[in-house]
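In terms of my numbering, the numbers along the sequence shown are unbroken and rise by one, the last being 270. Notes to accompany the following structure.
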Amino acid sequence: MRRFAMICKIEWRLFTRDFFSVFFALVFPILMLLLFGSIFGNKPLYEGSEMTMMGVSVPAYCVMVTGVTGLMSLPLVLSGYKEKKIYKRFDATPVGKKSIMLAQVLVNLIMTLIGISLLIIVSRILFDIQIKGAVLTVCISILFSIAAMFSLGFLFTAIGSDLKSTTLLCYLCYFIMLFLSGVTLPDMLFSDTVKTISNFLPMSYAVDLMQGVFAGDSLSQHMTELLILGSVTVICTTLGAVLYRKKDWA
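Written out as structure tokens, the structure reads:
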């Protein structure tokens, strides 16, 4: 346990020294909130709607944070370690490569929760955003979203042969989902064609889930989203683990 704690401490320091990861996990979502909040305010999406622009944007930006850590931070660090043969060096010690992987997951999980917390606090102060869902319901929804994004990033790390190919996969997936899953703009504003495409993106279901529980829905009202996110987590994690065992560099 002391060895693992030391590894986590080192990984945390390395993460905080990476300006790119810290900026996009903690600062960028808040900048998005300030930008769109200054443009649209907290007005209804359309006349007669009970949903406000910021009311649907804040939970979507929470999913954005999970995408940053799950698809841009975690997989790229793991891929860099893989390319530099750090896994094999750890396998030659009593610690093993699993410890460094788990440490990275833990560090990114903590940073994700910090980013989401900061986003909610700022939105509460500036736009009086109310979270109507139960605390446990919101926490479970956040964890499901994190698990799906992290597992997808883990799979890309296993698929990519080097850091460049993993970066391509992760960036391509992240930015497609960022603009087509309802994160940057509410999916109510999408055309039918874009909505059809978004149905194939895991992040879309995370956004729908988060928006629902923020509005006061129970988990039973979003079983489809929970099932899809859970399936993505199990399938991607399993495939990633199989590929890691088969490839020589693991």
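Even glycine gets a Cβ: it sits at the ideal position worked out from N, Cα and C.
For THR89, does the three-state DSSP call read helix, strand or coil?
helix
Buried versus exposed, by CB contacts within 10 Å (16 or more), SER137
exposed
Which word fits MET74, buried or exposed, when buried means at least 16 other C-beta atoms lie within 10 angstroms of its C-beta?
buried
Taking 9 Å as the threshold (beta carbon to beta carbon), is CYS193 in contact with chain B?
Of the chains in the structure shown, none is chain B; there is only one protein chain.
Would a C-beta distance cut-off of 9 Å place VAL227 and GLY202 closer than the cut-off?
yes
Looking at C-alpha atoms only, which residue of THR36, ILE120, PRO114 and SER58 is the closest neighbour of LYS102?
ILE120
Name the residue from MET52, THR86, GLU31 and ARG265 whose alpha carbon lies nearest to the alpha carbon of LEU172.
THR86
Jot down the residue ranges of each uninterrupted alpha helix (DSSP H) in the segment 184-250, minimum 4 residues, whole runs only, in chain order.
212-218 and 222-234
Heavy atom of the ligand ATP less than 8 Å from the Cβ of LEU163, yes or no?
Looking at this structure, you won't find the ligand ATP or any other ligand, since it has none at all.
Closest residue to THR157 among ALA167, LEU205, VAL252 and ASP237 (Cα-Cα distance)
ASP237
Following the continuous alpha helix (DSSP H) through VAL47, name the residue where it begins and the one where it ends.
Looking at the DSSP string, VAL47 is not in any alpha helix (DSSP H), and its letter there is neither H nor E.
In terms of residues, what are the limits of the alpha helix (DSSP H) holding LYS102?
94-103
Could you tell me which of LEU221, LEU209 and GLN231 sits nearest to ILE196, measuring between CA atoms?
LEU221
Between LEU229 and GLU245, is the Cβ-Cβ spacing less than 9 Å?
If you check the CB distance, LEU229 and GLU245 come in under 9 Å.
Quick one: grab the DSSP three-state call for THR72.
strand
Three-state secondary structure (DSSP) at THR177?
In the structure shown, THR177 sits in a helix (DSSP, three-state: H, G or I).
Contact defined as beta carbons within less than 8 Å: I believe THR177 pairs with LEU98. What is the distance between those atoms, to the nearest angstrom?
5 Å
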